[in-house]
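*Asks:* For the record, in the sequence shown the residue sitting at position 5 is 5 according to my numbering, with numbers rising by one throughout. Think of the CB as a built atom: it goes at the ideal place given N, C-alpha and C, for glycine as much as any other residue. Computed from a predicted model, the values in this text were never measured in an experiment.
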Amino acid sequence: MEINALAREALINADGIIESSFSPGKYSMELSSAAYDQQWRFDLQALPADLTSRGMAVEDPSAPHGLKLTIEDYPFASDGLVLWGAIKEWVSDYVNHYYPEASLIESDHELQAWWTEIQTVGHGDKKEGWPLLKTPEDLIGILTTMIWVPSGHHAAVNFGQYAYAGYFPNRPTIARTKMPTEDPSDEEFKSFEERPEEALLKCFPSQLQATKVMAVLDVLSNHSPDEEYIGEGIEPSWEENPIIKAAFEIYSGRLKELEGIIDARNEDKNLKNRTGAGVVPYQLLKPVSEPGVTAQGVPNSISI
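Encoded structure:
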């Protein structure tokens, strides 16, 4: 894919944008590879599993989506679970239509070969964390996770970058020097007390480093005019099947409802993490967006 080729060419290559502009330097990609090796599991990419594994939710059959958040005012989790639920319902309708019985899943050799290839070729270095694929419920969980990661999860971590980090003092990517030690007899510390802004500017990234990262964040956070958003543009084959078409229309309707839910939450004065003085409304999981840097919108898949 072109997006992967461009990333390897300029973003994550040796001495590329990441290695030349972030604190770990030449070890940046090595560290991320080590984190993947030690922490990544497919089964933990599902939003409910992600939240529970991080201690942000506990299982509660009586709660919406079967989870009770440990921090109720957690915008990503509360909005994300609504989106996750909409995706899962759509996937359930689709899978149950074509695979009403477990025997059809197990006997579908092409489907089983696809899942085996993902595990043994796509992630041949990972031996744990792979769900079995024997029932419609198994397939629903796998597909919901696969749709969630490049849509909702990616939108939440990506499209708000420039709005916050475009102002570099908010999130400098590298420290060029250490801050002075708190020692009243030290000349460097005395200078820091008198002119702290000079010490900060020496510590912050250079103008070249800052503008390079700002340009990248602007590109990453942008929606193109022809962006395809989740729940839009029904596939022709789905339209031909009245059951699948109806299920997709319900799915699209639930996503439109999510916009209203997010707007209402952003106006709720009890939710201090999304409204009030100095608080930016949380809109990252609103399904659609205008073109440009908007800090909202969930494309069908990762697209830059």
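Is DSSP giving His109 helix, strand or coil here?
*Replies:* As a position in the sequence shown, residue 109 is number 109, starting the count at 1. Of the three classes helix, strand and coil, the one that applies to His109 here is helix, per DSSP.
*Asks:* Please state the DSSP three-state secondary structure of Val213.
*Replies:* Working through the sequence shown from its first residue, we reach residue 213 at position 213. If DSSP states are grouped into helix, strand and coil, Val213 belongs with the helices.
*Asks:* Determine, using beta carbons only, whether Ile230 and Ser303 come nearer to each other than 8 Å.
*Replies:* Working through the sequence shown from its first residue, we reach residue 230 at position 230. Working through the sequence shown from its first residue, we reach residue 303 at position 303. No, the Cβ-Cβ distance between Ile230 and Ser303 is not below 8 Å.
*Asks:* Inspect the CB distances between the stretch 217-231 and the stretch 148-166 and report whether three or more fall short of 8 Å.
*Replies:* With the cut-off at 8 Å, the stretch 217-231 and the stretch 148-166 touch.
*Asks:* Classify Ala264 as helix, strand or coil using the three-state DSSP reduction.
*Replies:* Translated into the one-based positions of the sequence shown, residue 264 becomes position 264. Ala264 falls in the helix class under three-state DSSP.
*Asks:* Excluding the 5 residues preceding and the 5 following Asn96 in the sequence, name in chain order all residues of the same chain whose CB lies nearer than 7 Å to its CB.
*Replies:* Counted from its first residue, the sequence shown places residue 96 at position 96. So the qualifying residues of the chain are Pro136.
*Asks:* For Glu59, does the three-state DSSP call read helix, strand or coil?
*Replies:* For the purposes of this step, residue 59 is taken as the residue at position 59 of the sequence shown. Strand at Glu59.
*Asks:* Return the chain-ordered list of same chain residues with a C-beta closer than 8 Å to the C-beta of Thr70, the five sequence neighbours on each side being excluded.
*Replies:* To locate residue 70, count along the sequence shown from 1; it is residue 70. So the qualifying residues of the chain are Gly55, Met56, Ala57, Val58.
*Asks:* Assign His109 to buried or exposed, taking buried as 16 or more other Cβ atoms, counted over all protein chains shown, within 10 Å of its Cβ.
*Replies:* Position 109 of the sequence shown, counted from the start, is the residue given in the question as residue 109. Looking at its Cβ environment, which holds fewer than 16 other Cβ atoms inside 10 Å, His109 is exposed.
*Asks:* When the Cβ atoms of the stretch 72-87 are set against those of the stretch 281-293, are three or more pairs found closer than 8 Å?
*Replies:* Yes, the stretch 72-87 is in contact with the stretch 281-293.
*Asks:* Suppose you measure from the CA of Thr275 to the CA of Asp263; what does that come to, to the nearest Å?
*Replies:* Along the sequence shown, read from residue 1 onward, the residue named residue 275 stands at position 275. Along the sequence shown, read from residue 1 onward, the residue named residue 263 stands at position 263. Roughly 11 Å separates the two Cα atoms.
*Asks:* Cβ of Met214 within 8 Å of Cβ of Gly292?
*Replies:* Walking along the sequence shown from the start, residue 214 turns up at place 214. Walking along the sequence shown from the start, residue 292 turns up at place 292. The answer is no: Cβ separation not under 8 Å.
*Asks:* Shortest alpha-carbon distance to Val149 belongs to which of Leu31, Glu290, Trp40?
*Replies:* Here residue 149 refers to the residue found at position 149 of the sequence shown. Among Leu31, Glu290, Trp40, the Cα nearest to that of Val149 belongs to Trp40.
*Asks:* In the stretch 103-159, which residue ranges form an unbroken alpha helix (DSSP H) of at least 4 residues, counting only runs that do not cross its ends?
*Replies:* As far as the stretch 103-159 is concerned, its whole alpha helix (DSSP H) runs of at least 4 residues are 109-117, 136-148, 154-158.
*Asks:* Mind checking who Val292 pairs with in its DSSP beta bridge?
*Replies:* Translated into the one-based positions of the sequence shown, residue 292 becomes position 292. Residue identity check: residue 292 is Gly in the sequence provided, not Val. According to DSSP, Gly292 bridges with His223.
*Asks:* Flag this pair as yes or no: are the beta carbons of Tyr36 and Ile244 separated by less than 8 Å?
*Replies:* Taking the sequence shown and counting its residues from 1, the one referred to as residue 36 is at position 36. Taking the sequence shown and counting its residues from 1, the one referred to as residue 244 is at position 244. It is not a contact, given that the beta carbons lie outside the stated cut-off.
*Asks:* With a 10 Å radius around its C-beta and 16 neighbouring C-beta atoms as the bar for buried, classify Ala86 as buried or exposed.
*Replies:* Translated into the one-based positions of the sequence shown, residue 86 becomes position 86. Counting Cβ neighbours within 10 Å, Ala86 comes out buried, since at least 16 surround it.
*Asks:* Check each candidate in Ser107, Trp130, Ala34 and name the one with the smallest Cα separation from Glu117.
*Replies:* Within the sequence shown, numbered from 1, the residue matching residue 117 stands at position 117. For Glu117, the nearest C-alpha among the options comes from Trp130.
*Asks:* Under a three-way DSSP split, which group does Pro299 fall into?
*Replies:* Translated into the one-based positions of the sequence shown, residue 299 becomes position 299. In this structure, Pro299 counts as strand in the three-state DSSP scheme.
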